[in-house]
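Number of protein chains: 2
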Amino acid sequence: MTVLDTAPAVVDTTPPAAVCTVLERQRHGRPPGRDRYTISEVADCTGLSVHTLRWYERIGLMPHVDRSHTGQRRYTDRDLDWLDLVGRLRLTGMPVADMVRYARLVREGEHTLAERERLLTAHREDVRKRIAELRSTLEVLDYKIDIYGEARRRAEAAEGA
Amino acid sequence: MTVLDTAPAVVDTTPPAAVCTVLERQRHGRPPGRDRYTISEVADCTGLSVHTLRWYERIGLMPHVDRSHTGQRRYTDRDLDWLDLVGRLRLTGMPVADMVRYARLVREGEHTLAERERLLTAHREDVRKRIAELRSTLEVLDYKIDIYGEARRRAEAAEGA
DNA sequence: CGCTTGCCTGGAGTGCACTCGAACTCTCTA
DNA sequence: TAGAGAGTTCGAGTGCACTCCAGGCAAGCG
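These protein sequence lines map, in sequence, to chains G and L.
Just so you know, the numbering used here puts 96 at position 96 of the first sequence, and the rest follows in order with no gaps.
Just so you know, the numbering used here puts 1148 at position 148 of the second sequence, and the rest follows in order with no gaps.
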């Protein structure tokens, strides 16, 4: 049981590096517009690992990535746009399976427009709910942190006296 | 003690398995304040499964649950309050390992107040970031849904004409 | 020429958060 | 007194989303 044997409560003052937003992830921006990016460039500018990028393709989450004459992937700006959308959907909690479904609909063309709209609309509802949840938790956190803060200040005052 | 101890077997005509938020989950409310709830009552009013409740205890996420004379769990209102907090932290994406750490700090008493405050404060920052992310995605969704809606209306108009 | 670097594939492995199964006990009702 | 039903434990299994590995190919450099 992994949780049981977790490490001895490190006092982690440092940022855990792994937690980051879509915005933070695109820290390297796109290389100037050549429209043919290698997999590692894409990994760099999306924050996804090369493994994940290949995996996305395998499971049908990418709309066919072009290849160089030696068979290496060459991503286009369109691909990056798509990855940006995928990243957002993922960060907002859409399951990969649903994103794959959406990708399939896009491949299938015009006649799936209505279903795509439904899918995104449903997800938007989901996101709205999540925002509400987060906000209500924020209140609880504010309340508790307040209590802790007060207790601490009282303790510090007592010590100082 | 035996008769008093047993639960009145709530007539649950309704429970079609849960997919839902903390708010929705507590659909059955707490049974009137007896302050000694069986595991299935707690499962019912928190939306967690009995398996999950036992698992939480095993991994140290619960502050020692009381037992009946036959060794069955008897949850108190305090336990339910704790589960409510845990549910919120979970829904806002705190890893179980962190919640276990927090639970340990609570067990350890007063001298961990400062660290608990730090932990919650860090999480609050996290939650704020997530809200911002969700909101920015909401804009993208609005935009795309708009496009789809327009396309659909155009198609419908063409068909109608 | 050999070495390094970067990429390729298919398949296996990992970590998290549950979720379930097997074998058992206890209490109540028919 | 037999059976249903709710509870117990510990360990194993599941599903998701990656993450890594072995083995191999192609290009550039000293």
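Ideal placement from N, C-alpha and C gives every residue a C-beta, glycine not left out.
Just so you know, these numbers come straight off a predicted model, no measurement behind them.
For a cutoff of 9 Å on Cβ pairs, would you count residue 149 of chain G as touching chain L?
yes
Assigned secondary structure, residue 34 of chain G (DSSP; H/G/I helix, E/B strand, else coil):
coil
Measure the alpha-carbon distance for residue 1157 of chain L versus residue 1150 of chain L and round it to whole angstroms.
In a straight line, the C-alpha of residue 1157 of chain L is about 10 Å away from that of residue 1150 of chain L.
Own chain residues within Cβ distance below 8 Å of residue 1038 of chain L, not counting five before or after:
1007, 1072, 1073, 1074, 1075
What did DSSP end up calling residue 1002 of chain L once you bin it into helix, strand or coil?
Here residue 1002 of chain L scores only 36 on pLDDT, less than 50, and its place in the model should not be relied on; the value that follows carries that caveat. Here residue 1002 of chain L sits in helix by DSSP.
Between which residues of its own chain and residue 1053 of chain L is the CB-CB distance below 7 Å, once the five residues before and five after are set aside?
1039, 1042, 1043
First through last residue of the alpha helix (DSSP H) which encompasses residue 59 of chain G
Neither: residue 59 of chain G is in no alpha helix (DSSP H) and is coded neither H nor E.
Thinking just about the alpha-carbon of each residue, which of G:112, G:45, G:142 is nearest to the one in residue 28 of chain G?
The residue with the shortest Cα to Cα distance from residue 28 of chain G is G:45.
Anything in chain L within Cβ reach of residue 92 of chain G, meaning under 8 Å, just list it in chain order.
1133, 1134, 1137
How about residue 1148 of chain L and residue 116 of chain G: do their beta carbons lie closer than 9 Å?
Contact flag set, yes.
Does residue 157 of chain G get closer than 9 Å to chain L when you measure Cβ to Cβ?
no
Contacts of residue 124 of chain G in chain L (Cβ-Cβ under 7 Å):
1138, 1141, 1145
Measuring alpha carbon to alpha carbon, tell me which residue in L:1093, L:1064, L:1070 is nearest residue 1108 of chain L.
L:1064
Quick check: the Cα distance between residue 1090 of chain L and residue 1096 of chain L, rounded to an integer number of angstroms?
7 Å
Using CA atoms only, rank isn't needed, just tell me which of G:83, G:135, G:129 is closest to residue 49 of chain G.
G:83
The alpha helix (DSSP H) with residue 1048 of chain L in it runs from where to where?
Per DSSP, residue 1048 of chain L belongs to no alpha helix (DSSP H) and is neither H nor E.
Can you find a CB in chain L that lies within less than 9 Å of the CB of residue 53 of chain G?
no
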